[in-house]
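Trainee: Each residue of the sequence shown is one higher than the last, beginning at 1393 in the numbering used here. Yeah, the Cβ is synthetic: ideal placement off N, Cα and C, and Gly gets one too. Below is the structure I would like to discuss, written out as structure tokens.
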Amino acid sequence: MRNGDVECRWRLASLATAHQQQQQHRGAASATTASSQQQEQQQQQERQRQQSAPAVRSSKQTLDYTALCACVQELQAQWVPSKVEEVVQPDAYTLSLRLRTPLRQGWLHLSWHPTAARLSAGAPPPRGAASEAFSFAAAASQQLKGLVLSGADIPQQWERVAQLQFGVRPGDPPSRMVYCEIMANYSNVILTDGAGVVVSAGHQVGGRMSSLRQVQQGRPYALPPAAGGVAPGAAEPLELWRANVSRAAELAAAPQQSSREEGPQAAEEAQVRAQRKQKHGGGGGGGGRATVLGGCVRAYHGVSPSLAEELCAAAGVQPRAHPSEVSDGEWGALHAAWRGWLERLESGSYAATLDEAGGRFSVLGGYSKHFESVHELVEAYYSSLQASELHASLHQKLTAAARGALKKARSRVTAFQQQLAAAEGVGAVQRRADIIMANVYRIEEGATVLEAEDWDSGEAVSIPLDPEKTAVEQAEALYKRARKLRRALDAVAPLLEAALADAEYLEQVESEVAQLAVYEGPDDLAALREVRDELVEAGAIRAPPEAGLAAKAAAKGRKATKKDKQRSGGAAGAAGGQGFRRFESPGGFAILVGRNNKQNDVLSHQVANPQDLWMHVRGMPGSHTLLRVEPGRGAPGEEDVRAAAALAAWFSKARDSGKADVIVTRAEHVRKFKGAKPGQVILAKEDRVVVVRPQDSSAATAAVTTGGGGQ
């Protein structure tokens, strides 16, 4: 791939060239966009689909036409031809193909996720991903496995649709084709036979959803309707191009813009402009101020808001400036950047770059961080975005589930405590019956009260009597009631104990979910999934549809860990790859912090060595914390212990407290008792208690080494 020299040449494109073209082509007629009956029908179809599909809003950048061209070109150069060895579907929106060439093998991911749709080669899908979990993957596996990826292209210029051809051998006519449509909420991946008949799709579209274009098994495949605008051309003179952009900017800003949008790409672009309007004061157009950015997007095919912004930045033009506020020189520079973009498309000269601070990427070399591969950039960007959104959704669900389960557990505790309080009067009932039987000879028929002496206390007691019953009958009734209360006491006591244990456990789960509110990496999502599994086992939530897939992944993971242990003499798997939060003390000692109950279990009972220091906040839910003490190395100092203790307090419910007591003991003193839930332990001995401020851990959280963060 190209690097900074390409970027500089593109950014510093000559203004002189643009002005020469302006003189040569002065007076050319402006282009217009005609409306048609098909476009009206398309508008109706898009409105129907918009109503039926959930709106997904994201401030992140979508894969535009330019980026898709770069992805397809790289796929053609690096993976054509290659054999399809496996097809799996790791989630509801992604189809993954394992490809092999004579030199290497890798995975091609085709995603129709509403905000992370893409075509990119990347890391293998999670262990346990299978074709049988989803009907689309099952069909794709049956149709594609063993075939050869023989070609990749863009079947319709300026539209975000990629076509992959598969045949029996390289050079043979394609017998299967896969279309990857990148259109936000309308994204799709469609498998057809050699004649173009749909075999299966990630998302099937019936007649009720669209009267214009159906995507269903057995129907001929048709490309999506083209979006509004005209095709860009490098030969278009400056004045004509400027007039088109200016006029389109006014149209984009008109109040009726929402009803004039045409096609799924335009619908997405309108959504993006609306978001930018809220953030930047109407700069994107649509019922507000006309802007250069809005004009570029509205006037021409294949121009996304992110591309328009990048071209404006290269030319030194404010993207949200009104066209009338842009000087002639700035228009010339912007037109030169525009032509540079078209030349890059024509030549296939791309440079994958990322703006980490702004969360934007470019395949034209516009940002500071460079990637060797466009696919590497795209996969890194969108896999993180997709995981972040999944993390947020799962966190919200688990927060509600943990709170609901904890509320029910506390209600059970209260109910059992009330029953227990009532049953604790069994002694008094028994005593009343005994006193009546001891004084039965003194009780006259029809008596309403018995005045007698309590022989234990020596005090006089008054016991009400029922004049309709004999003394013996009343004593027997009291004995029966006492036996009933005693049985209730025996039954309720263990139920109360179990309810208290459940409430304590769920308080820990609730605390863990709160600590995982911020997504910082794959380990956070993995930890949340482990918490979900805990809540499923506890009966707090139902198992998700992919539970079988997750179980298969876990089984494969355990099998792989067992093999690693066997290969390394039994030591592997104990200390690494568990997703713990990892820190380093001032003295250089490793500190491990569990993210959930299952990790706490592994940390305390599998990873910990006897000489390690184990820590936990006293009397509150919190993470197990381990200060590693390597054999042969001196003991950690007080500063190291306090740093680890501060982390134990920080990753607990005491985080917002001014001070917290943290138990410190050797790991050999930590025991798992019979019937304990994940993360529950007893201590044979407490070595000491350290009082720390949770906020003091902020210095340690900045020293994260791997696998986590400070939140």
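Report back the beta-carbon spacing between C1539 and L1556 to the nearest angstrom; my notes put them in contact at under 8 Å.
Mentor: Checking the displayed sequence, the identity of residue 1539 turns out to be Leu instead of Cys. Wrong, their Cβ atoms sit about 10 Å apart, outside the cutoff.
Trainee: For E1573, list the residues DSSP reports as bridge partners.
Mentor: Its beta-bridge partners are V1553 and N1580.
Trainee: Straight-line CA distance for A2047 to A2040?
Mentor: The question names Ala, but residue 2047 in the sequence shown is Arg. Those two C-alpha atoms are separated by around 9 Å.
Trainee: Have a look at A1531 and R1924 and give me their C-alpha separation to the nearest angstrom.
Mentor: A1531 and R1924: Cα-Cα distance of roughly 30 Å.
Trainee: Based on Cα-Cα distance, which residue from T1486, L1511 and D1545 lies nearest to P1517?
Mentor: The shortest C-alpha separation from P1517 is found at T1486.
Trainee: Out of S1474, L1790, S2015 and P1562, which has the shortest C-alpha to C-alpha gap to R1934?
Mentor: With distances taken between Cα atoms, R1934 lies closest to L1790.
Trainee: Who are the near neighbours of P1547 in its chain, counting only those whose CB is closer than 7 Å to its CB and skipping five residues on each side?
Mentor: Taken in chain order, the residues that qualify are V1553, Q1555 and L1615.
Trainee: Would you call S1849 buried or exposed, if buried means 16 or more other Cβ atoms sit within 10 Å of its Cβ?
Mentor: When all chains shown are included, S1849 counts as exposed.
Trainee: Consult DSSP for D1848 and reduce its assignment to one of helix, strand or coil.
Mentor: Here D1848 sits in coil by DSSP.
Trainee: Report yes if the CB atom of L1902 is closer than 9 Å to the CB atom of P2013, and no otherwise.
Mentor: The sequence shown places Glu at residue 1902, rather than the Leu named in the question. Yes.
Trainee: Counting along the chain, where does the beta strand (DSSP E) carrying G1543 start and finish?
Mentor: V1540 to D1545 is the extent of the beta strand (DSSP E) around G1543.
Trainee: So if DSSP puts K1475 in a beta bridge, which residue, or which two residues, is it bridged to?
Mentor: In the DSSP output, where bridge partners are listed per residue, K1475 has R1492 and V1540.
Trainee: Flag this pair as yes or no: are the beta carbons of N1989 and Q1900 separated by less than 9 Å?
Mentor: In contact: N1989 and Q1900 (Cβ atoms closer than 9 Å).
Trainee: Grab me the residues of R1634's own chain with a C-beta within less than 6 Å of its C-beta, minus the 5 sequence neighbours each way, in chain order.
Mentor: Same-chain partners within the cutoff: W1723.
Trainee: Quick check: the Cα distance between A1573 and G1971, rounded to an integer number of angstroms?
Mentor: Contrary to the premise, residue 1573 reads as Glu rather than Ala in this sequence. In a straight line, the C-alpha of E1573 is about 35 Å away from that of G1971.
Trainee: Is it right to say L1500 is buried, meaning 16 or more other beta carbons lie within 10 angstroms of its own, or is it exposed?
Mentor: Flag for L1500 reads buried.
Trainee: Considering only the alpha carbon of each residue, which of V1689, Q1535 and Q1822 lies closest to G1620?
Mentor: When only C-alpha atoms are compared, the closest one is V1689.
Trainee: How big is the Cα-Cα spacing for A1794 and E1912?
Mentor: About 22 Å.
Trainee: If you count every other CB in all the chains shown that lies within 10 Å of the CB of I1835, and 16 or more means buried, which is it?
Mentor: Under this definition I1835 is a buried residue.
Trainee: A1529 and Q1481: beta carbons closer than 9 Å?
Mentor: Yes, Cβ-Cβ distance for A1529 and Q1481 is below 9 Å.
Trainee: I need the straight-line Cα distance from V1884 to K1872, nearest angstrom please.
Mentor: Answer to the nearest angstrom: the Cα atoms are 18 Å apart.
Trainee: Between Q1991, D2032 and C1463, which has its C-alpha nearest G1979's C-alpha?
Mentor: Out of Q1991, D2032 and C1463, D2032 has the C-alpha closest to the C-alpha of G1979.
Trainee: Take V1841 and list the residues in its own chain whose beta-carbon comes closer than 8 Å to its own, dropping the five residues that flank it on each side.
Mentor: S1854, I1855, P1856 and L1857, listed in sequence order.
Trainee: Please go through the same chain and pick out, in chain order, the residues whose beta-carbon is closer than 7 Å to the beta-carbon of P1715, but skip the five residues on each side of it.
Mentor: V1637, S1638, A1641, A1682, V1684 and G1687, listed in sequence order.
Trainee: Under a three-way DSSP split, which group does R1639 fall into?
Mentor: Three-state result, R1639: helix.
Trainee: Using 10 angstroms around the beta-carbon of S1527, count the other beta-carbons present and answer buried if the total reaches 16, otherwise exposed.
Mentor: S1527 is exposed by the Cβ-count criterion.
Trainee: Return helix, strand or coil for Y1833, following the three-state DSSP convention.
Mentor: Y1833 falls in the helix class under three-state DSSP.
Trainee: When burial is assigned at 16 or more other CB atoms within 10 Å of the CB, is I1582 buried or exposed?
Mentor: Buried, since its Cβ has 16 or more Cβ neighbours within 10 Å.
Trainee: Thinking just about the alpha-carbon of each residue, which of G1750, V1994, N1577 and D1894 is nearest to the one in V1597?
Mentor: The shortest Cα separation from V1597 among G1750, V1994, N1577 and D1894 belongs to N1577.
Trainee: Rank G1586, E1477 and Q1470 by C-alpha distance to the C-alpha of G1610 and give the top, closest one.
Mentor: If we check each option's Cα against that of G1610, G1586 comes out closest.
Trainee: So does the region 1700-1714 actually touch the region 1462-1475, counting three or more Cβ pairs closer than 8 Å?
Mentor: Counting Cβ pairs under 8 Å, fewer than three are found: no touch.
Trainee: Could you say which of E1631, A1645, A1844 and V1479 lies nearest to S1719 if we only look at CA atoms?
Mentor: Out of E1631, A1645, A1844 and V1479, E1631 has the C-alpha closest to the C-alpha of S1719.
Trainee: What residue does the alpha helix (DSSP H) around D1564 start on, and which one ends it?
Mentor: Neither: D1564 is in no alpha helix (DSSP H) and is coded neither H nor E.
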